[in-house]
Amino acid sequence: MKAAVLEHYGDPSEFKIKEVDAPTIEDGQILIRNRASSVNPVDVLVRQGKMRLVSGLFGEQIIGCDFAGTVVESRSSRFKAGDEVFGCKSPMAGHTYAELVAVDADVAALKPETISFTEAASLPTTALTAWQGLLKEGKLKSGDQILINGCTGGVGVAAVQIAKSLGATVRGTCQGDHAETARELGCDQVINYETEPIPKDNRYALIFDAASKLTLSDVEDSLTPDGLLVTTKPDATDFASAVSSLIDLAKPRMKLVIVSANAPDLMHVKDLVESGKLRPLIAQTFPLEQVGPAHQMLETDDFVGKITLEIT
115 MKAAVLEHYG
125 DPSEFKIKEV
135 DAPTIEDGQI
145 LIRNRASSVN
155 PVDVLVRQGK
165 MRLVSGLFGE
175 QIIGCDFAGT
185 VVESRSSRFK
195 AGDEVFGCKS
205 PMAGHTYAEL
215 VAVDADVAAL
225 KPETISFTEA
235 ASLPTTALTA
245 WQGLLKEGKL
255 KSGDQILING
265 CTGGVGVAAV
275 QIAKSLGATV
285 RGTCQGDHAE
295 TARELGCDQV
305 INYETEPIPK
315 DNRYALIFDA
325 ASKLTLSDVE
335 DSLTPDGLLV
345 TTKPDATDFA
355 SAVSSLIDLA
365 KPRMKLVIVS
375 ANAPDLMHVK
385 DLVESGKLRP
395 LIAQTFPLEQ
405 VGPAHQMLET
415 DDFVGKITLE
425 IT
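In terms of my numbering, the sequence shown is residues 115 to 426.
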C-alpha cells in the first residue's frame, strides 16, 4: 500500500511517499480503505520529534490521527465490510497517512451520510476535543455565557457550533480578517485579539482556550464564581511558562482536555452533522503526496478551519 513515511524527525521535507506492507488486524479491529485524513497540531509535534519519548526514538514511521474510509475487513461485530466509517487514533499510534489503516472498532463510528470522506476526516480529533472540553471538562449547559479563544481554528470552529447547539451565548476571539467567518459559525460577539484584550465587562461560566494561549491569571477576573478555564494544551514555551501552567492546572478552576477517541462521542458528532448543527470547515485539501506542504501550511497559522489530506 501507499503511505507517507516520515523518514526522520524534523521538517516537512522528511516525508516520503513509499510502498509499505499492508497492516493486519486482530480481534476487535477493522481494516479500512482510507480515503482521507487531516493535519492536526499534534501531528506537527510528533513530526518534529517533540514527543519521541512516546512516539518512538527514531523516525521511519507513519503518523496521523484522523481517518475516513470504507471497511474492507472486520473482526468486530460492530462493523462489516462496506461500511463507511470515520474516527481517530492516538497520535502516538498514528498510521493514518496511508491507504489502509487498522483500527480498534471502538475508535470508529459510521460516517455522517451528509458529508464526504474528506469532510468527515476533518472532524474527529478537533470535534471530539471540543465536545469533551465543553461538556465533560467545562460542564457547559444551556444559557451559559462562554468565551472561545481561537474560535476559527480547527478546534474553535467545532467548539462554536457545539456551544450554540447546546444553547450557550458565545463570544469568540480570532484574527480581525476572520471575524465574518466567526459570526457565520454562530458567534454572538467577536473580539479581534490582535487589537482588543479580553473585556472585563462580562463574566463567563466557561472560557475555552482552543488556541492554547491563556493562563488562569489572564482570565480569572472574567470568570463567574464557579466558572472554569479549559485549555487544549498548557503553555510550555519556556521553563517559566511550563511551571506556571503546572501550578494553574493544580487549581480547581482550570482544566486540561485530553481528547479520548471513543465511539459514543463520535456518534454525538455524527448526529450534530446530520442534524445540520455542525458543519466541517476546510481551509485546503492536499493530496497525500503533498503532505509536506500541508504541514507547512499548518505552521503558518493563517487560515480558517482544517487542512485535509485526500488519499486516492
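No residue lacks a Cβ here, since even glycine has one placed at the ideal position from N, Cα and C.
For clarity, every value in this text was computed on a predicted model and none was experimentally measured.
In this model, Q404 and D416 are separated by some 18 Å (Cα to Cα). Contact annotation: A136 and L214 have beta-carbon atoms nearer than 8 Å.
By the Cβ test, the stretch 228-242 is not in contact with the stretch 306-317, since fewer than three Cβ pairs between them sit closer than 8 Å.
Beta-bridge pairing by DSSP links S204 to no other residue. One Cα belongs to E298, the other to N263, and the distance between them is close to 16 Å. For M368, there is no enclosing alpha helix (DSSP H); the enclosing beta strand (DSSP E) has its first and last residue at M368 to L370.
Per DSSP, the continuous beta strand (DSSP E) segment holding E187 begins and ends at D180 to S188. For L320 against D379, the beta-carbon gap comes to about 18 Å, at or over 8 Å, which does not count as contact. When the beta-carbon positions are compared, E413 and V158 come within less than 8 Å of each other.
At a cut-off of 3 residues, the continuous stretches assigned as beta strand (DSSP E) that sit fully inside the stretch 237-279 are 259-263. Proximity to F129 across G178, T399, R192 and H292 peaks at G178, based on C-alpha coordinates. Sorting A219, T243 and V168 by C-alpha distance to the C-alpha of A207 places V168 at the top. Going by beta carbons, A324 and C202 fall outside the 8 Å limit. Annotation: E187 to T210 spans about 16 Å, alpha carbon to alpha carbon.
With contacts defined as CB atoms closer than 8 Å, E251 and V156 fail to qualify as a contacting pair. Looking at the backbone, the Cα of E121 and that of M165 are separated by about 16 Å.
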